[in-house]
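Under the UniProt record's numbering, residues 1 to 509 are what the sequence shown spells out, in order. Using N, Cα and C, we set each Cβ at its ideal position, and we do this for glycine too. Working notes for the structure below.
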Amino acid sequence: VSKLGRLGLDAAKLGCCNRAVSSECRGLCGRAFSKEWGRAWDALQTSCLTRPQESSLFTCLAESDAPCQQGCSGLTFCTHFNHRPNELFRSCNARADGAAEEDLSLWQESRTLILPGLAAAIPLKNIKECRMDMWKAVACSLHLRPCHPTSLTNSICWHDCVRLLSQCVADTDTSEGGVTAGSVCGTLSPPPGSPCVSLTSFLSPSTVPNEPPWRVPTSPCRPFPCPSRHVCTINSECRTAEPCRPYICTPACTLGEVSNVAVPVGAFVSVPYSSGLERCGRVCECRNSDGLDECRALPCVDPAPCWLGTSKFDHDTEVAVGCDLCVCHAGELMCVPRSTCPQHIHRYLPISRAIGSGLVSRSMKSRFGTGELPCGCADHWVPVCASNGRTFPSECLARCAGLDEGSWVAGDCGILDACAGSRCGRGEVCVTAPATCLTLPSTSCPQHVCVPLSGACPTESSFVACDTLGRTFDSLCQLVRSGSSLAYLGGFCINRRVRTIEVLPGGAG
1 VSKLGRLGLD
11 AAKLGCCNRA
21 VSSECRGLCG
31 RAFSKEWGRA
41 WDALQTSCLT
51 RPQESSLFTC
61 LAESDAPCQQ
71 GCSGLTFCTH
81 FNHRPNELFR
91 SCNARADGAA
101 EEDLSLWQES
111 RTLILPGLAA
121 AIPLKNIKEC
131 RMDMWKAVAC
141 SLHLRPCHPT
151 SLTNSICWHD
161 CVRLLSQCVA
171 DTDTSEGGVT
181 AGSVCGTLSP
191 PPGSPCVSLT
201 SFLSPSTVPN
211 EPPWRVPTSP
221 CRPFPCPSRH
231 VCTINSECRT
241 AEPCRPYICT
251 PACTLGEVSN
261 VAVPVGAFVS
271 VPYSSGLERC
281 GRVCECRNSD
291 GLDECRALPC
301 VDPAPCWLGT
311 SKFDHDTEVA
321 VGCDLCVCHA
331 GELMCVPRST
341 CPQHIHRYLP
351 ISRAIGSGLV
361 SRSMKSRFGT
371 GELPCGCADH
381 WVPVCASNGR
391 TFPSECLARC
401 AGLDEGSWVA
411 GDCGILDACA
421 GSRCGRGEVC
431 VTAPATCLTL
441 PSTSCPQHVC
451 VPLSGACPTE
461 SSFVACDTLG
471 RTFDSLCQLV
481 RSGSSLAYLG
491 GFCINRRVRT
501 IEVLPGGAG
């Protein structure tokens, strides 16, 4: 199967299609980013992305094009947007800065406001004499695109919009279509009370330059320092008082022919597609920078909502119900008790009333009965540690995963000695290295590493490591060969007191 067939034009945006509220918009989105473009994309823009109810879809697509990133500086026109290390922006760059200046000049000269989403140009007063600072903030916000910290929306707040236009729109009564500040802002901004970007903080310079340098956060990956087809991550292994590049560039795969989103080599990615009313997908691996490969099909899921009384919960959303935490998945509301339950919830919403017969669609009662685990296994926790390094809740589930009888011992792998027995060869030592694997249950998930006492250091032993004296070693090999005791893998171990992880010599193999 070709790369286009596996991923479509943009797998990241295909994942956004599930955010669409209407089936019409979901279908247009799927066609636009799978193999079609042209007409499907035009229809998606005009028919869906201008609807307020499709704001979640719009934000997700914007995040795939230009993700919200921390910090903004270096601007010559939008200077009040500089020195904002704790705020998020989609397009903080010189190009957007210049475009904002051009837009403001155009509004001044033409005395009209022309914006995407507006059916007609809006006549303006002389903006040099009507809140010039606010108009500059509007132009800069439209191009730099500051993000709301939680919803990631870029829309200007309704009250800012109304306050500005009510003062600066010319000839409101005679303008085309009877334009009012409220009607225009109803098109450009979300309803009052919705998440939005306030312009108030951008009407004056940032106070960050007045802060001491040690209090100002830095963004090593801004501007992007890596070559193309790479991702940038923070280098958390820099040692104190030593010169160190604060970022790491890792080869990466893009998520489609026209996608701006990249994932590092070694990552697994879920690539969705639709099959009728069901949601299906594949899991693909980024094996090298040429693209995603080794794709496997995932079971299709019916994205039906759940109902609790008159309350509706969408597929794959979480909700607290009384003293339970619940997830709606494929029409079933699956719940587990909270570890603690506030007394006021016990008093006003007892569990027996919150979850009962007839309140939840798709027979929620079956989730609490027998037979809900694979192979008919009982729902109890009697863990066994398999020889492949994985913990199974019971022997029954280990058999169900296809493991041979007797290939496990009682107990959780996390608390057993992973180096018990001869696991390594001659000239090697066994080091306990707890791991969590997201691959199939029947595959190996080693909880130890075999470190050679001489020669080249293998990839699996090349992690930065910390010993029990607080010293950092460039690799596990260096630590073992120095005779030190491992505390944990990873740096930042100055002045830390942790228990010793024993290393054992290998067998005679």
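Item                                                                                                        : Value
DSSP-derived helix/strand/coil call for R287                                                                : strand
Inter-residue spacing [alpha-carbon to alpha-carbon] between C17 and G27                                    : 8 Å
Outcome for N288 when other beta-carbon atoms lying within 10 angstroms are tallied against a minimum of 16 : exposed
As assigned by DSSP and simplified to three states, the class of D474                                       : coil
Between the CA atoms of P225 and L113 - distance to the nearest angstrom                                    : 37 Å
For M334, the residue or residues it bridges with in DSSP                                                   : V327
Member of S444, Q478, S442 whose CA lies at the smallest distance from the CA of S454                       : Q478
Beta-carbon spacing of V169, P123 below 8 Å                                                                 : yes
Helix, strand or coil at E428 [DSSP, three-state]                                                           : strand
Beta-carbon gap between S64 and V261 smaller than 8 Å                                                       : yes
Same chain only: Cβ atoms within 6 Å of A267, ignoring 5 sequence neighbours per side                       : C286
Residues bridged to W158 (per DSSP)                                                                         : According to DSSP, which records beta bridges pairwise, W158 is partnered with nothing at all.
C-alpha gap between E257 and L188, whole angstroms                                                          : 32 Å
Beta-carbon separation (whole angstroms), P251 vs H230, contact threshold 8 Å                               : 6 Å
Bridge-paired residues (DSSP) for P452                                                                      : E428
Residue range of the unbroken beta strand (DSSP E) whose run includes F58                                   : From DSSP, F58 is part of no beta strand (DSSP E) but of the alpha helix (DSSP H) over 55-65.
For I351, the three-state DSSP class (helix, strand or coil)                                                : Unreliable placement is indicated for I351, whose pLDDT of 33 sits below 50; the coordinate value is still reported in the next sentence. If DSSP states are grouped into helix, strand and coil, I351 belongs with the helices.
Contact set for P227: own chain, Cβ-Cβ below 8 Å, skip 5 residues either direction                          : C249
Residues near A297 in its chain [Cβ-Cβ closer than 7 Å; skip 5 each side]                                   : R282
Alpha-carbon to alpha-carbon, D42 and G30                                                                   : 13 Å
Cα-Cα separation, P243 to W214                                                                              : 18 Å
Of the residues P85, P67, C68, the one placed nearest G74, counting alpha carbons only                      : P85
Helix, strand or coil at A94 according to DSSP, with G and I counted as helix                               : helix
Cβ neighbour criterion (16 or more within 10 Å) applied to Q53                                              : exposed
Where G376 falls, given that 16 or more other Cβ within 10 Å makes a residue buried                         : exposed
Euclidean distance between Cα positions of L308 and V327                                                    : 12 Å
L44 beta carbon less than 8 Å from that of C72                                                              : no
Cβ shell of S475 (< 8 Å), same chain only, five flanking positions each side left out                       : C457, S461, S462, F463, V464, A465
Cβ pair C68, F89 closer than 8 Å                                                                            : yes
Cα-Cα separation, T207 to P264                                                                              : 36 Å
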